[in-house]
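Structure, as structure tokens:
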Amino acid sequence: MSLSTEVRQVNGVSIVDMAGRIVLGEETGKVRSTIRGLLEGGATKVIINLGGVSYIDSSGLGELVSAYSTAQRSGCVVKLLNVQAKVQDLLQITKLYTVFESHTDEAEAVASF
Amino acid sequence: MTDCRKLLLNFESTLASIDAAELIVERMAQISGFDEDQVYQIGMGVRETMVNAICHGNQLGSAKTVSFDASIDENCMQVIVTDQGEGFDQSQVADPLEEEQLMRGSGRGLLIVRAFFDEVEVGPGSGSGTRVRLVKYCAQGA
Chain A
21 MSLSTEVRQV NGVSIVDMAG RIVLGEETGK VRSTIRGLLE GGATKVIINL GGVSYIDSSG
81 LGELVSAYST AQRSGCVVKL LNVQAKVQDL LQITKLYTVF ESHTDEAEAV ASF
Chain B
308 MTDCRKLLLN FESTLASIDA AELIVERMAQ ISGFDEDQVY QIGMGVRETM VNAICHGNQL
368 GSAKTVSFDA SIDENCMQVI VTDQGEGFDQ SQVADPLEEE QLMRGSGRGL LIVRAFFDEV
428 EVGPGSGSGT RVRLVKYCAQ GA
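Those sequence lines, one after another, are chains A and B. 21 is the number of the first residue of the first sequence in the numbering used here; add one for each residue after it. 308 is the number of the first residue of the second sequence in the numbering used here; add one for each residue after it.
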């Protein structure tokens, strides 16, 4: 299952709804280009909604970290929403839960900026 | 799980080979009685090992292949992946859990493999490459 990404705006926050797998290849490239596009468009608040993503490999995790770092350098804050159980396990294993702010409620996530 | 199943393959150094190896071991694990979580962990661990072999070991070189040896018996699944790269010194690999390494965009594959398999051996192959042996015990045999 390839990765789909849709961007919508809620109260000045760019929400990227992702669905599918984030693995090495076209999928990680899609994450990179989507975040790059938002930064080039001047986004300063981004939520990556992983509600439709049940599978991420280490390359996918690395891409999310790179997105976070690139955004931070551009003055943009990136947060995660609706992280699924298997992905949450990987964030624990890799200690990346200490990097990403994560929410389970969209309204709460939008209000958190 | 009663009988022994064994599969020997040589994969080209392409991203498609990574997906193929993952699907093969997942299917082998499913039909041999591993539960859903174990099947996921086996598939993910093999994916990460194949990424290391194909992208880091063989550097996607079209003249290089990856040897893949998967077997299941009544106790466990074993997968041996051997690349034809230059090998690497494990002591020189940074710990991805160290604070200063957390923001790196890569280097977490082996950490995930070690979390998902019961035994992980990394060493030199018969040539210059790297051989990785993975073992996952089934719930009854653990």
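By construction, the Cβ of each residue, glycine as well, lies at the ideal position given by its N, Cα and C atoms.
With a threshold of 16 other CB atoms inside 10 Å of the CB of V31/A, please say whether the residue is buried or exposed.
-> Reading off the sequence shown, one finds Asn at residue 31/A, where the question assumed Val. Per the 10 Å Cβ criterion, exposed.
For this session: Give the secondary structure of V332/B by DSSP, where H, G and I count as helix, E and B as strand, and everything else as coil.
Result: helix
(Q) What does the alpha-carbon distance come out to for the pair R421/B and I55/A? (A) 31 Å
**Request:** Apply the 10 Å Cβ neighbour rule to N365/B and answer buried if 16 or more other Cβ atoms are within range, or exposed otherwise.
**Result:** buried
* Closest Cβ-Cβ distance between V346/B and chain A: below 7 Å? -> The beta carbon of V346/B sits no closer than 7 Å to any beta carbon of chain A.
> Shorter than 7 Å from the beta carbon of V388/B to some beta carbon of chain A?
Replying inline: Not one chain A Cβ lies under 7 Å of V388/B.
Worksheet entry | Span separating the alpha-carbon of L70/A from that of V358/B | Taking the straight line from one Cα to the other gives about 23 Å.
**Report entry** Coil, strand or helix - T114/A by DSSP
**Finding:** coil
- Item | R41/A - partner residues in DSSP beta bridges | Y75/A
Query raised in the report: Hey, I419/B and E343/B: beta-carbon distance below 7 Å or not?
Result: no
_Let's test the definition: count the other Cβ atoms within 10 Å of the Cβ of E60/A and tell me whether it reaches 16, buried, or not, exposed._
With fewer than 16 Cβ atoms within 10 Å of its Cβ, E60/A is classed as exposed.
Between R334/B and chain A, is the shortest Cβ-Cβ distance under 7 Å, so that the two count as touching? no
* Could you give the distance in angstroms between the alpha-carbon of S339/B and the alpha-carbon of Q104/A? -> A straight line joining the alpha-carbon of S339/B with that of Q104/A spans about 27 Å.
- Give the straight-line distance between the Cα atoms of A131/A and I68/A, rounded to the nearest whole angstrom. 15 Å
- prompt: Using a Cβ cut-off of 8 Å, which residues of the region 101 to 126 of chain A contact any Cβ in chain B, in chain order?
  reply: Under the 8 Å Cβ criterion, the region 101 to 126 of chain A contributes K106, L110, I113, T114, K115, L116, T118 and V119.
>> Residues of chain B with CB closer than 9 Å to the CB of L70/A, please, in chain order.
In response: Within 9 Å Cβ-Cβ: nothing; L70/A doesn't reach chain B, min ~16 Å.
Self-check item: Simplified DSSP assignment, three categories, for A446/B
Solution: coil
| task | Classify M410/B as buried or exposed, calling it buried when 16 or more other Cβ atoms lie within 10 Å of its own Cβ. | result | exposed
task = Starting from the beta carbon of S78/A, find every residue of chain B whose beta carbon is closer than 7 Å, and list them in chain order.
result = Within 7 Å Cβ-Cβ: E355, R415, G416 and I419.
Can you tell me where the alpha helix (DSSP H) holding F423/B begins and where it ends? G416 to F423
### Query
Is DSSP giving E343/B helix, strand or coil here?
helix
message: Using the Cβ count rule (16 or more neighbours within 10 Å means buried), how would you classify R438/B?
response: buried
### Query
Looking only at C-alpha atoms, which of L81/A, G72/A and E128/A sits nearest to F120/A?
L81/A
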